[in-house]
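Numbering (numbering that gives the first Met the number 0), first residue to last: 0 to 421.
We treat Cβ as the ideally placed atom computed from N, Cα and C, and that holds for glycine.
Let me begin by presenting the structure, written as structure tokens, before commenting on it.
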Amino acid sequence: MKKYKVPRGTFDILPEESFKWQYITKTFRQTTQLFNYREIVTPIFENSEIFERSVGDTSDIVEKEMYKFQDKKGRELALRPEGTAPVVRSFVENGLHLKPNSAKLYYLGPMFRYDRPQKGRYRQFYQYGIENIGSENPFIDAEVIAFAFHFLKELGLQNFELQINSIGCENCTKEYDIALKKYFSKHLNELCSDCKTRLEKNPKRVLDCKVKNCKTIAKDAPSMLDYLDEDCKTHFSAIQKYLSEMQIPFVINPKIVRGLDYYAQTAFEIIDTNLGAQNTLIGGGRYSKLVQQLGGANISGIGFAGGFERLLLSLENENIIFGMEQKPEVYFVNLGENTKYESVKIISNLRKNGISCEFNPDKISMNAQMKEANKKGVKFCLILGENELKNNEIILKNMFTSEQQNVKRDKIIEAIITSKKS
RNA sequence: GUGGGUGUAGUUCAGCGGUAGAGCACCGGAUUGUGGUUCCGGCUGUCGCGGGUUCAAAUCCCGUCAUCCACCCCA
């Protein structure tokens, strides 16, 4: 028989793991309530153009990482590689800027990129994210960052660092790129080959290079922050002031360069320094032209996205206690043939009364049933045998204390409820 | 797309030319109406796949696929 495996870069979330994912989802949803964000659910696939237009057709995501396909009518579609563009598409398509309470949106779900898998990076990966569309007020920037910060704290995470930067608007970038090119061309021979091409395509990327030589050269490169115009400068310092007032610690990292084309001004990352190469927990930033690019009004937005897989790695590193795996409350032990119809009746009645109950008809001996009850970690066993059937009773055993009592069968529910409290 | 490590039981791994092994997990029994601890017994494999070398390959060689880590990129 042929054995099948999950496709490369994908994975199953098994029952023994899934409660951890639920914990993250639950905590995220709680945070959305606190900040009053509402869920938006968009399709898993979109017209390819939406990403090509917004993310930037020279970006790696569009150039080589998109799962593109044609449907039977020849439509060019793509599995979504990220969440912002679809949300903005929907925002524009449905005229959400005219609807009340629709500027603050959150989403959850799988994204797809044809990357080479490695630690913390998969081809199908799960993201949570928020978008706040319609305001340029720096308070919103600070609030979006505060959301991310609050969420991680709420999960119980300790070791992470918030890094912020402003990459300026179009005007600032123009001058800055010229300055960077001028600086780096003096050191052209010392740069790695990747950086030589970066210098042409997107000189800011050189700042991000991890090659030692490039790093040392980049150290003395002109800083973006010195090239911000007045508007961007005041915007950026306002954010810092707000963050300080909210007691959110941050460091300014002028080397943060968001990879996607649509970013402008605010860029931020939250990283976990003991995670490995893929250590960005959350990445976000402001986009000023994206809404317009996708056919909407000339309004700006800001958002972030984070990956579940990396978050899970961090949480496990820090031994965060997740929610508990679900357990049944009662394990039902049936002894023999004559009692089985009465057993079925009782089990059904328990569930009607909201008491979760497990029963295994394939286990015959009492020993085997008790063993399984123990393995499942239930607090109670209900035991029904010939004697109890005759006396109209049943045994209720507390597995934690080993105490047991005979109770009348019409008093089972009450007996369990009172024992639950003790 | 590039480089390196690793593929053996459900799982973690040992074996590294001569009849496929251990721990954990699972199942059963000791206890035929009472679990956890203990003891006893049992189950499972195209040794990732294809080819080559050899009297003989899990073991050596080549290819391939998968996986992990790193580059790249990013969540």
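- The C-alpha of residue 199 lies about 15 Å from the C-alpha of residue 207.
- The DSSP assignment places 160–165 as complete runs of the beta strand (DSSP E) inside the stretch 126–185, in order along the chain (cut-off: 3 residues).
- For residue 336, the three-state secondary structure derived from DSSP is coil.
- By the Cβ neighbour-count rule, residue 340 is exposed, with fewer than 16 other Cβ atoms within 10 Å of its own.
- In this structure the stretch 299–318 lies against the stretch 143–163, because at least three pairs of beta carbons, one per stretch, are closer than 8 Å.
- Counting C-beta pairs closer than 8 Å gives three or more between the stretch 181–195 and the stretch 212–227, which meets the contact rule.
- At a Cβ-Cβ threshold of 9 Å, residue 53 and residue 77 do not count as neighbours.
- Going by beta carbons, residue 105 and residue 10 fall outside the 9 Å limit.
- Put simply, the backbone Cα of residue 170 is about 25 Å away from that of residue 250.
- Cβ-Cβ distances below 6 Å link residue 175 to 223 and 226 in the same chain, with the five nearest sequence neighbours on each side left out; the list follows chain order.
- Secondary structure of residue 22 (DSSP, three-state): helix.
- In the DSSP assignment, the residues bridged to residue 266 are 164 and 284.
- Contact between residue 41 and residue 89 holds: CB atoms are separated by about 5 Å, below the 8 Å threshold.
- Put simply, the backbone Cα of residue 14 is about 12 Å away from that of residue 326.
- Secondary structure in the stretch 73–99: the beta strand (DSSP E) runs of 3 residues or longer, each lying completely within the stretch, are 75–78 in chain order.
- With contacts defined by Cβ atoms closer than 9 Å, residue 241 and residue 261 do not form a contacting pair.
- Between residue 356 and residue 381, the C-beta spacing is below 9 Å.
- Residue 148 counts as buried, since at least 16 other C-beta atoms from the protein chains shown sit within 10 angstroms of its C-beta.
- Under the DSSP definition of a beta bridge, residue 44 partners with 78.
- Setting aside the 5 residues that flank it on each side, residue 291 is surrounded in the same chain by 297, each with a C-beta closer than 7 Å to its C-beta; the list follows chain order.
- Judged by DSSP secondary structure, residue 307 falls within the alpha helix (DSSP H) whose first and last residues are 307–316.
- About 19 Å separates the beta carbon of residue 128 from that of residue 96, a gap too long to meet the 8 Å contact definition.
- Around the C-beta of residue 276, fewer than 16 other C-beta atoms lie within 10 Å, and the residue is accordingly described as exposed.
- Cβ neighbours of residue 19 within its own chain (closer than 7 Å, five residues either side excluded): 311 and 321.
- Between the stretch 103–119 and the stretch 56–66 there are three or more inter-stretch CB-CB distances shorter than 8 Å, so the stretches are counted as touching.
- Comparing C-alpha distances from residue 73 to each of 47, 12, 396 and 188 shows the shortest one belongs to 47.
- Under the three-state reduction of DSSP, residue 351 is assigned to helix.
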